[in-house]
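Peer 1:
Residue numbers (our numbering), protein chains in the order written: chain X, 190 to 386; chain A, 190 to 386.
Put into structure tokens, the structure is as follows:
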């Protein structure tokens, strides 16, 4: 519909998650009509990020440094390791300011159907950290999906084999949530895992 | 929160319309974790578009060619000129396949408060097209806002001075729309502009 280059830009913008054809068109026209500087800047930062961002050598989160900000902070608690699926999960937990140990990012979860086995989630790196003997507790914070639970089970077996205490983050009704609006699965879980007071 | 380059990418993505901090984070992580090829491609196309896309010499829509696809199509109806605010409006009308003339894109609307006068909306270019004498009807399709109406009025005066017939697209209840869900302003307009049948 537009000239070839603008059509190409609209298609490229559709690589962004949650962006359909209408939003992509709106974004392309906005950048070209009103924010060329922003477009130029986005293009440059994107190229730089694709070139330089890789995985942290220690925790596998995304960073352009050899070690990420958290792994390079020597004042954190070396005895606790929290295992999450994605870099966004690290940020979510950091925002809560309740955990002071280190992280390990799986960058996925076990899913044999999709060809994601222990190697893809960095189990070799993780196993060698378990073997170092510094870690006393592993907190598994994978998502409560079928794959997330399977991954949690797999990791906990490996950690226990090294004599490490393993815990799983609690699932249930969100604080401030109302029972009425909570889905059945969460409610069933919350009732079956009820705790005596 | 993330490493500096990733934070910078998240900030750059916020230049996109409708993208807040959460979506920008999601987009940045998606591109870096799962679609580096798409990110690379987006960066390149964006740089190319910023460099090459400019205004069509004749209708002022966005294009990387001297004349856009529509202006360079000699088989369209030279007697009709449709005036719209944005390139997206051209596409919207083209999709309806009901108009076969040429377009003129204002790239805005008269708004003295924001410093947008006749020159900014390309009135000089438009006036010289009116003076050429080829155009028999001008269809003003600016949006039914205060500025859009003022712009429509201004343009119609200029066209009429050249003896050109001027029409305004109809505003009212959308076809397929239900009265119950139409806003008061539209309904008031639709009743005051009722047509005898």
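Note that CB positions come from ideal geometry on N, CA and C, so glycine has one too.
1. Taking three-plus beta-carbon pairs below 8 Å as touching, is the stretch 259 to 271 of chain X in contact with the stretch 235 to 244 of chain X?
2. Tell me which same chain residues have a C-beta within less than 8 Å of the C-beta of residue 288 (chain X), skipping the five on either side of it?
3. Taking the runs of the alpha helix (DSSP H) that are 4 residues or longer, which of them lie wholly in the stretch 248 to 335 of chain X?
4. Quick one: which residues of the stretch 204 to 215 of chain X get their C-beta closer than 9 Å to a C-beta of chain A? List them in chain order.
5. Return the CA-CA distance between residue 241 (chain X) and residue 242 (chain A), expressed in angstroms with no decimal places.
6. Whether or not the stretch 289 to 304 of chain A and the stretch 349 to 369 of chain A are in contact is what I'm after, with contact meaning three or more pairs of Cβ atoms, one per stretch, closer than 8 Å; do they touch?
7. Of the residues that make up the stretch 275 to 302 of chain X, which ones have a beta carbon closer than 8 Å to any beta carbon in chain A?
8. Helix, strand or coil: how does DSSP classify residue 243 (chain A) here?
9. What residues in its chain sit with their C-beta under 8 Å from that of residue 249 (chain X), if we drop five residues either side in the sequence?
10. Could you check the C-alpha separation between residue 251 (chain X) and residue 291 (chain X) for me, to the nearest Å?
11. Quick one: list the residues of chain A neighbouring residue 308 (chain X), beta-carbon separation under 7 Å, in chain order.
12. Taking only beta-carbon positions, decide if residue 230 (chain A) is within less than 9 Å of chain X.
13. Exposed or buried, which one is residue 193 (chain A) when buried takes at least 16 other CB atoms within 10 Å?
14. Going by DSSP, what residues sit across from residue 355 (chain A) in a beta bridge?
15. Between X:231, X:278, X:350, X:348, which lies nearest to residue 149 (chain A) when the distance is taken from Cα to Cα?
16. What does residue 273 (chain A) touch in chain X if you count any residue whose Cβ is under 9 Å from its own?
17. Is the distance from the Cβ of residue 354 (chain X) to the Cβ of residue 321 (chain X) below 9 Å?
18. Is it buried or exposed for residue 214 (chain A), if we count other Cβ within 10 angstroms and need 16 for buried?
19. Rounded to the nearest angstrom, how far is the Cβ of residue 340 (chain X) from that of residue 383 (chain X), given a contact under 8 Å?
20. Going along chain X in order, which residues have a C-beta closer than 7 Å to the C-beta of residue 257 (chain A)?
21. Using a C-beta cutoff of 9 Å, does residue 314 (chain X) count as contacting chain A?
22. Interface residues of chain A around residue 305 (chain X) at Cβ under 9 Å?
23. So that I know if they touch, is there some Cβ in chain A lying closer than 9 Å to that of residue 225 (chain X)?
24. Name the chain A residues that come within less than 9 Å of residue 364 (chain X), Cβ to Cβ?
25. Report yes or no: is there a C-beta of chain A within less than 9 Å of the C-beta of residue 237 (chain X)?
26. Please list, in chain order, all residues of the same chain as residue 209 (chain A) whose beta carbon is under 8 Å from its beta carbon, the five residues on each side excluded.
27. Where does residue 380 (chain X) land, buried or exposed, given buried means 16+ other C-beta within 10 angstroms?
28. Closest Cβ-Cβ distance between residue 355 (chain A) and chain X: below 9 Å?
29. At the level of alpha carbons, what is the spacing between residue 245 (chain X) and residue 255 (chain X)?
30. For the alpha helix (DSSP H) that contains residue 363 (chain A), what are its first and last residues?
31. What does the Cβ neighbour count give for residue 318 (chain X), buried or exposed, with the cut at 16 atoms within 10 Å?
32. As a quick exercise: from A:275, A:365, A:280, pick the residue whose alpha carbon is nearest that of residue 219 (chain X).
33. Which of the three DSSP states is assigned to residue 210 (chain A) in this structure?
34. Can you check whether the C-beta of residue 217 (chain X) is within less than 9 Å of a C-beta belonging to chain A?
35. Any idea if residue 284 (chain X) is buried or exposed, counting beta-carbon neighbours within 10 angstroms, 16 or more meaning buried?
Peer 2: In short, the structure shows the following:
1. no
2. 269, 271, 282, 328
3. 276 to 285, 312 to 320
4. 204, 205, 206, 207, 208, 212, 214, 215
5. 29 Å
6. no
7. 275, 276, 277, 280, 283, 284, 296
8. strand
9. 293, 294, 295, 296, 311, 314
10. 15 Å
11. None at all; the shortest Cβ gap to chain A is about 17 Å.
12. yes
13. exposed
14. A:327
15. As shown, chain A starts at 190 and ends at 386. That puts residue 149 (chain A) outside it, with no answer to give.
16. By Cβ distance, chain X contributes nothing, its closest Cβ being about 13 Å from residue 273 (chain A), past 9 Å.
17. no
18. buried
19. Not confirmed; about 25 Å, so no contact.
20. 192
21. no
22. The premise fails here: residue 305 (chain X) is roughly 12 Å from chain A at the closest Cβ pair, so nothing lies under 9 Å.
23. yes
24. Simply none; closest approach about 20 Å.
25. yes
26. 203
27. exposed
28. no
29. 6 Å
30. Premise fails: residue 363 (chain A) is in no alpha helix (DSSP H) and is neither H nor E.
31. buried
32. A:275
33. helix
34. yes
35. exposed
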